[in-house]
Amino acid sequence: MKRIVSVFMSAILILSMCDISVATENEIRYNNEALANQYYTEIIVCFEKGSGYPSNYGGAYINQNSGNLVICLKEDSKAIREMYYSISGADKLEFKKVKYSLNELFSIARQVNNYAYLTGKMPQIESSAIIQKDNRVECYTSISQMQSCIEHSYDNKELFVDNFEYKDAIIFKASDGLTLEASAGGPGYGINTISSSGSVGSIGYLAYRNNGGVRETGFVTAGHVIPMISSNRIVYNSNGERIGFCTFTNGQFANGNLQPTNTGNSDVAFVKIDSGTTISTTVRGTSYEQDMSIQNTIPAERSTIYKSGSSTGVTHGVVYSLYYNNDTDYLNGPFVKRILATYTSARGDSGGIVYAVANGKARVVGIHQGSTEINGNIYAVVVTAYVLQNDLQNPIIAGR
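To convert, take the position in the sequence shown, counting from 1, and add 57; that gives my numbering.
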């Protein structure tokens with residue numbers, strides 16, 4: 058009997074040790090990912106504000122087992138690896154050899170567009186994304202376009218190209234296009250443009266901008282929530298109480314669609330909060346406060362990000378692509394503009410804050426724009442805070 062009890066207690070001890078081990082591994086991975094996003098931000102800012110992406114760089118992503126940043130290299134050497142350590146300030150990086158550089162992937166995307174347009178032998182591309190982990194370009198179009206392309210192999214919802222020079226670097230997938238999800242507290246709470254209660258969109262992150270030499274303090278939301286042509290520019294919280302006035306909207310809108318397509322990269326409205334109005338820094342549905350000390354974070358592919366919106370609250374997923382582009386964007390790429398992610402959303406979430414968690418705070422990634430269906434899966438689309446700070450005439454800066 059004593060032996061049975063002893064074996065039983067030993068089993069409990071082993072299970073307890075396993076639980077502690079798993080918890081420790083999860084904590085290590087969580088901390089590694091937070092650092093990886095910090096390193097990745099340093100790398101991207103260095104490239105995009107410097108001389109561009111180097112010819113050896115094939116992209117980067119998060120190792121979902123270790124949480125470390127993986128640098129994809131077309132060319133590998135000790136000196137090249139040391140360069141990435143120097144730029145990022147990282148203590149630990151992982152490296153992977155790939156066939157194509159990121160510059161080459163963008164060039165291939167341009168060639169696919171031209172080939173499709175000039176020859177008619179490939180479907181017309183509506184949008185596309187660079188998948189850094191797979192070192193390829195995903196091209197998105199309608200199922201009917203793919204089914205009519207008889208010169209290539211069509212399998213369910215994917216089209217495999219047979220006679221294009223870089224066929225190993227591209228794949229076509231079915232997509233239904235972008236659905237905009239417009240339908241105070243702090244980031245993630247609902248807003249409206251009429252005084253009755255309810256929500257048409259969500260508060261994004263707290264920010265400021267320069268308007269004719271005057272500093273405005275407020276928050277961002279999606280531009281399609283408060284269109285430029287709208288006469289309803291007074292903004293109310295979901296209880297019908299006035300909280301501010303929209304002083305800036307970027308982009309033209311018609312029939313719920315962005316016109317022209319490339320304005321979708323900075324689909325943003327800025328709301329100057331009224332004097333006496335207080336907007337909380339705490340993200341709705343969480344205990345996290347917006348990190349005011351860091352203007353924005355560029356999350357690496359496969360890292361975890363979160364969205365807080367008035368319809369579905371807090372949801373999370375991973376970054377699927379950091380380079381989600383309309384077909385014309387490749388003329389000026391690479392450049393971080395919009396992100397594809399796997400978190401869930403619904404109408405009313407548009408404009409809500411998208412963030413990564415580090416050091417117990419919400420580091421701003423951007424705002425939720427809408428969703429798109431690709432191969433039967435729904436992906437969220439994020440307008441990055443990085444592009445709103447670097448691609449507008451009057452930059453919008455996260456924080457106060």
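All C-beta atoms in this analysis are idealised placements derived from N, C-alpha and C, irrespective of residue type, glycine included.
Query                                                                                                          : Result
For Val411 and Cys303, the rounded distance between their alpha carbons                                        : 20 Å
Environment of Asp148 [buried if 16+ CB atoms lie within 10 Å]                                                 : exposed
Limits of the alpha helix (DSSP H) - the one that Asn474 falls within                                          : The first residue shown for the chain is 58 and the last is 457, placing residue 474 beyond what the model contains.
Status (buried if at least 16 other CB within 10 Å, exposed otherwise) for Lys224                              : exposed
Alpha-carbon to alpha-carbon, Thr236 and Gly258                                                                : 14 Å
Bridge partner(s) assigned by DSSP for Tyr381                                                                  : Ala186
Tyr363 versus Lys394: straight-line alpha-carbon distance, rounded                                             : 18 Å
Own chain residues within Cβ distance below 6 Å of Tyr462, not counting five before or after                   : Residue 462 lies beyond the residue range present for the chain, which begins at 58 and ends at 457; the question has no answer from this structure.
Reference Lys153; option with closest CA among Ala117, Ala93, Gly374, Ala455                                   : Ala117
Lys135 classed as buried or exposed, judged by whether at least 16 other C-beta atoms fall within 10 angstroms : exposed
Backbone CA spacing between Tyr87 and Asn171 [nearest angstrom]                                                : 42 Å
Straight-line gap, Lys418 to Ile286 (C-alpha atoms, nearest Å)                                                 : 36 Å
Whole-angstrom C-beta distance between Gln189 and Leu379, which should lie under 8 Å                           : 7 Å
DSSP-derived helix/strand/coil call for Gln121                                                                 : coil
Three-way DSSP call (helix, strand, coil) for Arg138 in this model                                             : helix
Whether Gly280 touches Thr250 by CB criterion (9 Å)                                                            : no
Contact under 9 Å by Cβ, Asn383 with Gly321                                                                    : yes
Which of helix, strand or coil DSSP assigns to Tyr443                                                          : helix
Outcome for Ser158 when other beta-carbon atoms lying within 10 angstroms are tallied against a minimum of 16  : buried
Residue environment, Val421, which counts as buried when at least 16 other CB atoms sit within 10 Å            : buried
Three-state secondary structure assigned by DSSP to Gly321                                                     : helix
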